[in-house]
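Written below as structure tokens is the structure these notes are about.
Number of protein chains: 2
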Amino acid sequence: MPSYTAPTRDMQFVLHEVLNVSEQTTPGYAELEPDFTKAVLEEAGKIASEVLMPLNAVGDTEGCVLENGVVRTPKGFKEAFEQMKEGGWTALDLPEEFGGQYMPYILGTAVGEMFSAANQAFTMYQGLTHGAASAILVHGSEDQKATYLPKMANCEWTGTMNLTEPHCGTDLGLMRTKAEPQGDGSYKITGQKIFISSGEHDMADNIIHLVLAKIPGGPEGIKGVSLFIVPKFIVKEDGSLGDRNGVTCGKIEEKMGIHGNSTCVMNYDGATGWLLGEEHKGMRAMFTMMNEARIGVGMQGLAQAEVAYQNALAYAKDRLQGRAVTGTENPNGPADPLIVHPDIRRSLMDQKSFIEGARAFMLWGAELIDRSHRGNDAAAEGLISLMTPVIKGFLTDEGYDMTVLAQQIYGGHGYIEEWGMSQFTRDARIAMIYEGANGVQALDLVGRKLAQDGGKHVMAFFELVKTFLKENEGNEALKADFLDPLKAASKDLQASAMFFMQNGMKNPNAALSGSYDFMHLFGHVCLGLMWARMAKSAHAALEAGTSDEAFYKTKLATGRFYMKRRLPATALHLARIQSGADTVMALEAEAF
Amino acid sequence: MPSYTAPTRDMQFVLHEVLNVSEQTTPGYAELEPDFTKAVLEEAGKIASEVLMPLNAVGDTEGCVLENGVVRTPKGFKEAFEQMKEGGWTALDLPEEFGGQYMPYILGTAVGEMFSAANQAFTMYQGLTHGAASAILVHGSEDQKATYLPKMANCEWTGTMNLTEPHCGTDLGLMRTKAEPQGDGSYKITGQKIFISSGEHDMADNIIHLVLAKIPGGPEGIKGVSLFIVPKFIVKEDGSLGDRNGVTCGKIEEKMGIHGNSTCVMNYDGATGWLLGEEHKGMRAMFTMMNEARIGVGMQGLAQAEVAYQNALAYAKDRLQGRAVTGTENPNGPADPLIVHPDIRRSLMDQKSFIEGARAFMLWGAELIDRSHRGNDAAAEGLISLMTPVIKGFLTDEGYDMTVLAQQIYGGHGYIEEWGMSQFTRDARIAMIYEGANGVQALDLVGRKLAQDGGKHVMAFFELVKTFLKENEGNEALKADFLDPLKAASKDLQASAMFFMQNGMKNPNAALSGSYDFMHLFGHVCLGLMWARMAKSAHAALEAGTSDEAFYKTKLATGRFYMKRRLPATALHLARIQSGADTVMALEAEAF
Numbered sequence: 001m002p003s004y005t006a007p008t009r010d011m012q013f014v015l016h017e018v019l020n021v022s023e024q025t026t027p028g029y030a031e032l033e034p035d036f037t038k039a040v041l042e043e044a045g046k047i048a049s050e051v052l053m054p055l056n057a058v059g060d061t062e063g064c065v066l067e068n069g070v071v072r073t074p075k076g077f078k079e080a081f082e083q084m085k086e087g088g089w090t091a092l093d094l095p096e097e098f099g100g101q102y103m104p105y106i107l108g109t110a111v112g113e114m115f116s117a118a119n120q121a122f123t124m125y126q127g128l129t130h131g132a133a134s135a136i137l138v139h140g141s142e143d144q145k146a147t148y149l150p151k152m153a154n155c156e157w158t159g160t161m162n163l164t165e166p167h168c169g170t171d172l173g174l175m176r177t178k179a180e181p182q183g184d185g186s187y188k189i190t191g192q193k194i195f196i197s198s199g200e201h202d203m204a205d206n207i208i209h210l211v212l213a214k215i216p217g218g219p220e221g222i223k224g225v226s227l228f229i230v231p232k233f234i235v236k237e238d239g240s241l242g243d244r245n246g247v248t249c250g251k252i253e254e255k256m257g258i259h260g261n262s263t264c265v266m267n268y269d270g271a272t273g274w275l276l277g278e279e280h281k282g283m284r285a286m287f288t289m290m291n292e293a294r295i296g297v298g299m300q301g302l303a304q305a306e307v308a309y310q311n312a313l314a315y316a317k318d319r320l321q322g323r324a325v326t327g328t329e330n331p332n333g334p335a336d337p338l339i340v341h342p343d344i345r346r347s348l349m350d351q352k353s354f355i356e357g358a359r360a361f362m363l364w365g366a367e368l369i370d371r372s373h374r375g376n377d378a379a380a381e382g383l384i385s386l387m388t389p390v391i392k393g394f395l396t397d398e399g400y401d402m403t404v405l406a407q408q409i410y411g412g413h414g415y416i417e418e419w420g421m422s423q424f425t426r427d428a429r430i431a432m433i434y435e436g437a438n439g440v441q442a443l444d445l446v447g448r449k450l451a452q453d454g455g456k457h458v459m460a461f462f463e464l465v466k467t468f469l470k471e472n473e474g475n476e477a478l479k480a481d482f483l484d485p486l487k488a489a490s491k492d493l494q495a496s497a498m499f500f501m502q503n504g505m506k507n508p509n510a511a512l513s514g515s516y517d518f519m520h521l522f523g524h525v526c527l528g529l530m531w532a533r534m535a536k537s538a539h540a541a542l543e544a545g546t547s548d549e550a551f552y553k554t555k556l557a558t559g560r561f562y563m564k565r566r567l568p569a570t571a572l573h574l575a576r577i578q579s580g581a582d583t584v585m586a587l588e589a590e591a592f
Numbered sequence: 001m002p003s004y005t006a007p008t009r010d011m012q013f014v015l016h017e018v019l020n021v022s023e024q025t026t027p028g029y030a031e032l033e034p035d036f037t038k039a040v041l042e043e044a045g046k047i048a049s050e051v052l053m054p055l056n057a058v059g060d061t062e063g064c065v066l067e068n069g070v071v072r073t074p075k076g077f078k079e080a081f082e083q084m085k086e087g088g089w090t091a092l093d094l095p096e097e098f099g100g101q102y103m104p105y106i107l108g109t110a111v112g113e114m115f116s117a118a119n120q121a122f123t124m125y126q127g128l129t130h131g132a133a134s135a136i137l138v139h140g141s142e143d144q145k146a147t148y149l150p151k152m153a154n155c156e157w158t159g160t161m162n163l164t165e166p167h168c169g170t171d172l173g174l175m176r177t178k179a180e181p182q183g184d185g186s187y188k189i190t191g192q193k194i195f196i197s198s199g200e201h202d203m204a205d206n207i208i209h210l211v212l213a214k215i216p217g218g219p220e221g222i223k224g225v226s227l228f229i230v231p232k233f234i235v236k237e238d239g240s241l242g243d244r245n246g247v248t249c250g251k252i253e254e255k256m257g258i259h260g261n262s263t264c265v266m267n268y269d270g271a272t273g274w275l276l277g278e279e280h281k282g283m284r285a286m287f288t289m290m291n292e293a294r295i296g297v298g299m300q301g302l303a304q305a306e307v308a309y310q311n312a313l314a315y316a317k318d319r320l321q322g323r324a325v326t327g328t329e330n331p332n333g334p335a336d337p338l339i340v341h342p343d344i345r346r347s348l349m350d351q352k353s354f355i356e357g358a359r360a361f362m363l364w365g366a367e368l369i370d371r372s373h374r375g376n377d378a379a380a381e382g383l384i385s386l387m388t389p390v391i392k393g394f395l396t397d398e399g400y401d402m403t404v405l406a407q408q409i410y411g412g413h414g415y416i417e418e419w420g421m422s423q424f425t426r427d428a429r430i431a432m433i434y435e436g437a438n439g440v441q442a443l444d445l446v447g448r449k450l451a452q453d454g455g456k457h458v459m460a461f462f463e464l465v466k467t468f469l470k471e472n473e474g475n476e477a478l479k480a481d482f483l484d485p486l487k488a489a490s491k492d493l494q495a496s497a498m499f500f501m502q503n504g505m506k507n508p509n510a511a512l513s514g515s516y517d518f519m520h521l522f523g524h525v526c527l528g529l530m531w532a533r534m535a536k537s538a539h540a541a542l543e544a545g546t547s548d549e550a551f552y553k554t555k556l557a558t559g560r561f562y563m564k565r566r567l568p569a570t571a572l573h574l575a576r577i578q579s580g581a582d583t584v585m586a587l588e589a590e591a592f
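Protein sequence lines, in the order shown, are assigned to chains A and B. Every letter in the first sequence is one number past the one before it in the UniProt record's numbering, and letter 261, counting from 1, is 261. Every letter in the second sequence is one number past the one before it in the UniProt record's numbering, and letter 469, counting from 1, is 469.
If you want it as structure tokens, here you go:
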């Protein structure tokens with residue numbers, strides 16, 4: 001059975017030696033002292049390893065079962081969910097007045113990585129609740145906040161987001177679900193939603209559905225979409241639960257993975273709902289949820305890569321097969337461990353260098369969110385808005401590939417379910433799809449985010465890289481291994497942005513043909529930047545005479561691998577981008 | 001439900017306009033006239049679409065069940081298998097004296113692609129039989145051939161290959177299964193084999209297991225391994241079936257995919273077996289089977305990519321979502337089809353250009369096998385021996401990635417099992433693992449094949465590319481789009497081979513750290529070469545005033561895409577190879 005050990009040491013390094021969180025002026029950051037974050041992370045790590053991980057395979061094997069309208073979650077999920085509630089792990093960053101602890105998002109992100117790694121399907125129940133609560137927090141009336149948030153903060157009630165319908169996913173303007181005003185401030189919601197994660201289950205007293213629907217007579221398409229709160233049980237004035245609402249689960253989907261999470265078809269038959277935010281401004285309200293969810297999904301890519309890597313590493317050290325080409329390394333055994341073989345090492349380094357770079361990138365992104373939300377820092381908001389599709393798209397694509405690499409190390413044992421490696425890839429696969437398929441992320445990045453506010457945010461990103469390079473230009477220890485490759489990669493990114501600017505307006509297909517490559521190019525530069533920053537911190541620690549030399553030397557070696565073997569992919573992406581639409585769009589649709 | 005249409009037109013193009021099979025002097029090739037191959041391919045295509053494809057999802061959902069030692073295959077498999085036998089589809093290329101049709105392997109390969117695309121799990125039953133029959137054909141005594149081949153030719157009896165044991169996969173020297181001589185020419189085989197595809201099932205009267213085992217007292221390790229024929233039922237002198245042999249299926253594995261094929265734990269409890277080939281020369285005999293099997297597995301990568309692509313394409317044309325960025329293309333519908341979007345187009349072109357290039361590569365490889373086996377052409381044998389790991393490793397890695405791209409086009413519908421796209425990726429995943437995990441293919445390529453016979457075969461490959469470029473250097477239609485990129489890619493391949501020669505001896509880790517990249521680099525150059533050859537043929541057809549202009553123009557546009565957007569990956573692979581072992585092997589195993 002696979003196991004999981006929380007990467008607390010690595011998280012502490014990023015938080016305190018790279019991002020220096022407790023020295024930041026962002027409200028709440030002063031409290032993030034190393035001892036405090038360490039205590040929180042270790043406690044969370046224990047839950048991840050001891051409570052959630054053992055349920056991961058159970059969830060996969062048993063799945064969720066729908067019987068007579070009731071969804072039964074896998075054995076042990078309910079008890080574990082109670083433990084999460086009791087431990088206060090469900091609402092780390094919600095405001096205290098609503099029952100949360102108002103901890104910075106960055107800490108919630110680190111904890112979230114652990115929980116997702118140990119059991120993605122399980123963690124989604126509270127993840128979606130958190131997203132729905134955030135939307136209510138930002139767009140809800142005082143009354144709505146008071147009614148729903150305290151119960152959602154501790155997951156006594158859970159939440160969902162309802163966007164997709166059978167005929168519309170990305171193109172929500174095609175939506176058919178209707179919301180008819182009843183004159184008393186409520187609406188009757190009618191329609192069918194599909195792919196609703198955690199849509200129905202047996203772990204909470206109530207489920208608060210956030211549902212996109214159209215109010216008849218409103219604007220056509222996406223501009224006529226509004227967001228509604230539709231509770232499974234109507235909440236009475238005194239806060240107690242009243243009538244069962246007209247929303248039911250019609251079916252649970254059979255999926256490739258995340259079997260422990262109930263993916264439901266939800267039928268709304270004149271269900272009572274209340275407007276959340278303004279009429280016809282549903283997309284804006286939903287995007288509060290979506291942006292957060294996208295970052296959370298990027299984190300899932302990293303998390304599955306981490307847990308798969310940990311197990312692949314253990315197997316590579318344990319499994320004896322063949323002899324090292326440079327001479328026997330395990331003379332007393334019948335063969336050497338897999339890890340002696342260069343191609344196994346290459347695979348492990350691919351994984352390790354991605355994971356640690358991605359973790360730093362992820363936490364940096366979370367820091368920007370805190371600056372934006374808690375510190376009202378518009379520049380931070382612009383930057384994280386730009387990078388959100390990169391975090392979502394790049395980290396889930398690469399994260400998935402890493403689970404495939406990890407699975408491969410097991411050979412045939414990776415393909416049979418017994419060892420659990422197949423589950424990691426099957427679970428990781430969804431992250432490339434939900435909350436906007438990665439192609440849509442690329443479109444968002446190139447078609448919208450790049451030119452947003454006159455291209456200000458991408459300029460800020462380039463400036464940030466430039467400043468870092470300038471500040472460290474005298475650092476000979478960093479130059480050849482880190483600064484030069486970062487500079488080259490960043491130049492590729494700039495050249496591609498330039499290509500889009502010059503061609504995007506007159507030939508949008510030329511820009512969009514390269515959107516996917518751009519998302520990956522951007523991702524590589526972000527990881528390259530994080531590796532350069534981490535290398536700087538590692539060198540500083542070594543120079544200061546750290547007692548943990550091994551950690552910092554390993555960090556540097558891992559970073560050098562990334563810069564040398566992964567980062568040069570930027571040139572290939574640039575070449576593809578610059579080839580424009582000519583070969584991509586050469587065929588008429590009929591010619592395929 | 002997914003569907004499948006055999007790519008007969010494309011196969012005919014490769015066979016007759018690129019490889020010009022009926023003009024070759026290889027024995028049996030003169031009969032491969034266009035009308036003949038077309039008739040065979042169309043008939044096979046019909047079976048693939050109408051018989052095998054409808055059973056693909058059934059096999060996935062039902063899987064195989066072991067009850068009281070008997071394995072029940074999914075509903076409909078048995079009847080379909082009877083149809084395959086009756087139609088003579090199981091032994092196209094076996095010699096006529098043993099009940100085959102002695103058709104060239106190239107035609108069997110084209111047919112095999114269709115059957116594998118439509119139902120990989122099902123086709124494995126006959127694929128493994130074919131491999132086992134080939135080993136008996138080459139290494140068996142006259143008596144063994146007469147006893148087993150006629151029944152295996154029509155799959156009345158099926159075959160298996162038994163290599164892996166719980167503690168040894170790649171490193172077969174660790175094998176524990178024993179074969180004790182009984183003095184009467186037979187051996188008692190005792191041990192456990194795992195991951196035995198088609199190991200036990202209900203579709204044949206007998207199952208002929210080819211089993212690797214060690215004769216006590218023989219040489220240590222891999223040099224003491226022999227190959228044995230161990231039939232499920234002992235065959236009596238008169239050819240009828242006698243006693244049940246001491247071999248049983250202990251368990252069926254739960255796997256990520258190919259559920260329709262029974263992957264068995266096989267227990268040999270003093271089972272009676274007969275030596276196939278010479279004592280202690282089991283690996284050599286097994287490799288007859290393995291080499292063929294590896295090429296067959298490469299073909300599975302292509303096949304799954306093809307069927308996944310066909311369905312993704314249909315969905316992209318059908319599903320309405322969003323509007324083309326260059327203006328509405330479907331004004332009468334609520335939205336435009338997915339295929340208008342550049343990133344969807346990019347994905348489809350990635351798939352299409354891989355598939356068609358891979359098919360040509362595959363068929364060229366099969367042609368080399370025919371030249372080698374039927375024509376005793378040593379140069380062809382050397383070349384295909386070199387390229388076998390490339391066909392296996394590159395086509396299955398890329399083939400898998402293509403199924404993931406195809407699945408992605410479906411968005412959330414790709415993740416639920418209902419649409420069948422998940423099965424294509426899950427089934428395709430095994431091809432990267434079995435018959436030698438792809439890392440082992442890369443090791444075989446760089447560690448063995450490259451330097452084989454003094455590097456003669458790789459030199460022959462370079463010569464072949466050079467000759468092609470030289471022969472066509474005046475062809476302006478080909479130059480910029482095909483010849484120049486091929487030249488550049490081939491130069492990258494040569495530079496990497498040079499790197500291995502210069503560094504491999506003094507630092508084998510430096511060579512092996514780049515082995516995986518080399519396998520991919522080589523694969524890209526092979527596909528680049530095939531695309532250049534196809535482009536030449538397409539131009540020729542257009543100049544000759546073909547009546548099928550659309551086909552050839554599409555072919556050229558698809559090839560241009562490959563050369564422009566996929567082939568430049570060679571530079572990245574070269575850079576990684578040239579970076580050597582420094583970053584790959586920097587960490588001690590303990591530092592991970």
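Cβ atoms here follow ideal geometry from the backbone N, Cα and C, with glycine treated the same way. Every value quoted in this text rests on a predicted model; they were computed, and no experiment measured them.
Per-residue burial, residue i [other beta carbons within 10 Å of its own, 16 or more giving buried]
i: A:Asp318; result: exposed
i: B:Gln182; result: exposed
i: B:Pro508; result: buried
i: B:Gly454; result: exposed
Proximal residues of chain A, C-beta to C-beta of residue i below 7 Å
i: B:Asn509; result: Val325, Thr326 and Pro342
Per DSSP, the bridge partner or partners of residue i
i: B:Val70; result: B:Glu67
i: A:Pro231; result: A:Ile208
i: B:Ile416; result: A:Lys255
i: B:Met266; result: B:Lys193 and B:Cys249
i: B:Ala460; result: Paired residues: none, contrary to the question.
As assigned by DSSP and simplified to three states, the class of residue i
i: A:Glu165; result: strand
i: B:Arg323; result: coil
i: B:Ser537; result: helix
i: A:Asp318; result: helix
Partners in chain B for residue i, counting only beta-carbon separations shorter than 8 Å
i: A:Phe561; result: Thr583, Val584 and Ala586
i: A:Ser385; result: Residues of chain B passing the Cβ test: none, with the nearest at roughly 20 Å.
i: A:Gly322; result: Thr170 and Asp171
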